[in-house]
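Chemist: Take the sequence shown: its letter number 90 is residue 89 in numbering that gives the first Met the number 0, and every next letter is one higher.
For each residue, glycine too, the CB sits at the ideal point set by N, CA and C.
Predicted model, so just to flag it, every value in this text is computed and none were measured.
So that we are looking at the same thing, I have put the structure below in structure tokens.
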Amino acid sequence: MKEKELIDAFIRDLNIFRTTVQLYIQYLDSLSIPNRKGMEDIKADIEQLKQFMIDLTGKMFQTMQEYSRLAAFYEHVEEVRKNLGRGEEK
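Here's what the structure looks like:
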């Protein structure tokens, strides 16, 4: 079951990172940039960064789903191995 444990640890770590990125997105949303000349570029850069982070969290979520499926597959393989082992003992 070593594979499943490694995958579960990866998913847990990825979820922690994803949560951190979501907190940064909230922080960027809370920034108040004054409407002064020259600030348009800063606002655009912040919006671009925020969009990148939103896309990143979506991709991380998809990755976590895929790895969850992989963990379930390894769990199934382990069950099959156990069942095959029992059949040989008889």
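#1: Going by Cα to Cα distance, which pick from K49, F16 and L13 is closest to L30?
#2: What number of angstroms, rounded off, separates the C-alpha of F60 from the C-alpha of S67?
#3: Determine the DSSP secondary structure at K1, reduced to helix, strand or coil.
#4: Determine the closest residue to D7 out of Q47, R85 and Q64, with distance taken between C-alpha atoms.
#5: With H, G and I counted as helix, E and B as strand and the rest as coil, what does DSSP make of K36?
#6: In chain order, what residues of the same chain have a beta carbon less than 8 angstroms from the beta carbon of I10, not counting five sequence neighbours either side?
Modeler: The structure says:
#1: K49
#2: 10 angstroms
#3: helix
#4: Q64
#5: coil
#6: M63, Y66, S67 and A70
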